[in-house]
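Taking it in order: structure first as structure tokens, then the write-up.
2 protein chains.
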Amino acid sequence: MTILVCSSCRDETGSDAHPRAGERLAESARRAAVGQGITVRTVECLGNCKRRLSAALLRDGAWSYVFGDLNVSSGDDLVTGAQLFSTSTDGLIPWRGRPDSLKRGLVARIPPLALIKEDK
Amino acid sequence: MTILVCSSCRDETGSDAHPRAGERLAESARRAAVGQGITVRTVECLGNCKRRLSAALLRDGAWSYVFGDLNVSSGDDLVTGAQLFSTSTDGLIPWRGRPDSLKRGLVARIPPLALIKEDK
Chain A
1 MTILVCSSCR
11 DETGSDAHPR
21 AGERLAESAR
31 RAAVGQGITV
41 RTVECLGNCK
51 RRLSAALLRD
61 GAWSYVFGDL
71 NVSSGDDLVT
81 GAQLFSTSTD
91 GLIPWRGRPD
101 SLKRGLVARI
111 PPLALIKEDK
Chain B
1001 MTILVCSSCR
1011 DETGSDAHPR
1021 AGERLAESAR
1031 RAAVGQGITV
1041 RTVECLGNCK
1051 RRLSAALLRD
1061 GAWSYVFGDL
1071 NVSSGDDLVT
1081 GAQLFSTSTD
1091 GLIPWRGRPD
1101 SLKRGLVARI
1111 PPLALIKEDK
């Protein structure tokens, strides 16, 4: 289970100052993930620049999720979502129990390629 | 190379009538993809409901892309993007040569899990 945070995201001020808001979100996620068996990684850009702070939840063989409209303290919500995801048996993150930020902030979900190949 | 179209997307009228706009987009993509070695699949929901007609471009071992703000005739653009993607050597869709709809419409991109694991 991996939380992938976009480290280049700016906050609502649009400031280029470092650490960027995205880096602070990644740090928040790392703190929340300690001892949880969840990996936190950063990436330069998730391409979701229209909806500010972004992160993805990725799990082998499951759907991939991208969330936006996060803030620098959303690390706890991301870890809660990742834990929920890890309990899923159908490769989807259950809606029930999902933090509000991961309901409102859903940007996209992509099925695993293996699932698509089985289709039709 | 797979084009994955959200078949449940509605057009700007919000109509529930079938075929849904997303189904028409999928049909447009299928027509454009004939003989191109590109697979077109549909999925019930890509979760990008805030930006209307959506589709993803997926390639084994490469980044996954989600686009929104498409229309029922965007099949040609999706196939052009898929062809461009198939020529890529770094797992990313080149910006240059990308149809405008796939520049403006970028919703998110997700790196392959293998790439993330190599990180750090």
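Listed in order, the protein sequences are those of chains A and B. So in the working numbering, spot 47 of the first sequence is number 47, and the numbers just go up one at a time. Positions in the second sequence are counted from 1; adding 1000 to them yields the working numbering. Don't be surprised by glycine CBs; every beta carbon is placed ideally from N, CA and C.
Test: residue i CB closer than 8 Å to a CB of chain B
{"i": "Asn71 (chain A)", "result": "no"}
{"i": "Ser8 (chain A)", "result": "no"}
{"i": "Thr2 (chain A)", "result": "yes"}
{"i": "Gly47 (chain A)", "result": "yes"}
{"i": "Gly22 (chain A)", "result": "no"}
Buried/exposed call for residue i, threshold 16 Cβ in 10 Å
{"i": "Trp1063 (chain B)", "result": "buried"}
{"i": "Asp1077 (chain B)", "result": "buried"}
{"i": "Ala29 (chain A)", "result": "buried"}
{"i": "Ala1114 (chain B)", "result": "exposed"}
{"i": "Gly1068 (chain B)", "result": "buried"}
{"i": "Arg31 (chain A)", "result": "exposed"}
{"i": "Asp1119 (chain B)", "result": "At Asp1119 (chain B), the pLDDT of 47 sits below 50, so the modelled position is not reliable and the matter cannot be decided from this model."}
{"i": "Arg17 (chain A)", "result": "Note on identity: in this sequence residue 17 (chain A) is Ala, with Arg being the wrong assignment. Answer is exposed; the Cβ neighbour count stays below 16."}
{"i": "Leu1102 (chain B)", "result": "buried"}
CB contact flag (residue i, residue j, <8 Å)
{"i": "Leu25 (chain A)", "j": "Ser74 (chain A)", "result": "yes"}
{"i": "Val72 (chain A)", "j": "Ala1108 (chain B)", "result": "no"}
{"i": "Pro111 (chain A)", "j": "Thr80 (chain A)", "result": "no"}
{"i": "Leu1053 (chain B)", "j": "Gly1014 (chain B)", "result": "no"}
{"i": "Ser7 (chain A)", "j": "Val43 (chain A)", "result": "yes"}
{"i": "Leu1106 (chain B)", "j": "Gly47 (chain A)", "result": "yes"}
Nearest-angstrom beta carbon gap, residue j and residue i [assumed within contact, 8 Å]
{"i": "Leu1070 (chain B)", "j": "Ile1093 (chain B)", "result": "Their Cβ separation, rounded to whole angstroms, is 15 Å, which puts Leu1070 (chain B) and Ile1093 (chain B) out of contact at 8 Å."}
{"i": "Leu84 (chain A)", "j": "Arg41 (chain A)", "result": "Their Cβ separation, rounded to whole angstroms, is 19 Å, which puts Leu84 (chain A) and Arg41 (chain A) out of contact at 8 Å."}
{"i": "Arg1096 (chain B)", "j": "Met1001 (chain B)", "result": "Contact flag wrong, Cβ pair sits at about 19 Å."}
{"i": "Gly61 (chain A)", "j": "Gly91 (chain A)", "result": "7 Å"}
Cβ of residue i within 8 Å of any chain A Cβ
{"i": "Asp1090 (chain B)", "result": "no"}
{"i": "Asp1119 (chain B)", "result": "Confidence is the limiting factor: at Asp1119 (chain B) the pLDDT is only 47, short of 50, which leaves the residue's position unreliable, though a coordinate-based value still follows. Yes, its Cβ sits closer than 8 Å to a Cβ of chain A."}
{"i": "Leu1102 (chain B)", "result": "no"}
Chain B residues whose Cβ lies nearer than 7 Å to that of residue i
{"i": "Val66 (chain A)", "result": "Ala1108 and Ile1110"}
{"i": "Val43 (chain A)", "result": "Pro1111"}
{"i": "Ile93 (chain A)", "result": "Under the 7 Å cutoff, chain B gives no residues; its nearest Cβ is about 10 Å from Ile93 (chain A)."}
Contacts that residue i makes with chain A (C-beta to C-beta distance below 7 Å)
{"i": "Ala1056 (chain B)", "result": "Ile110"}
{"i": "Leu1084 (chain B)", "result": "Result: empty, since nearest Cβ-Cβ is about 16 Å, beyond 7 Å."}
Neighbouring residues, chain B, relative to residue i (Cβ below 8 Å)
{"i": "Asp60 (chain A)", "result": "Leu1113"}
Neighbouring residues, chain A, relative to residue i (Cβ below 9 Å)
{"i": "Ile1116 (chain B)", "result": "Thr2, Leu4, Thr39, Arg41, Val43 and Leu58"}
Cutoff 8 Å: residue i Cβ touching any chain E Cβ
{"i": "Asp77 (chain A)", "result": "The structure shown contains no chain E; its protein chains are A and B."}
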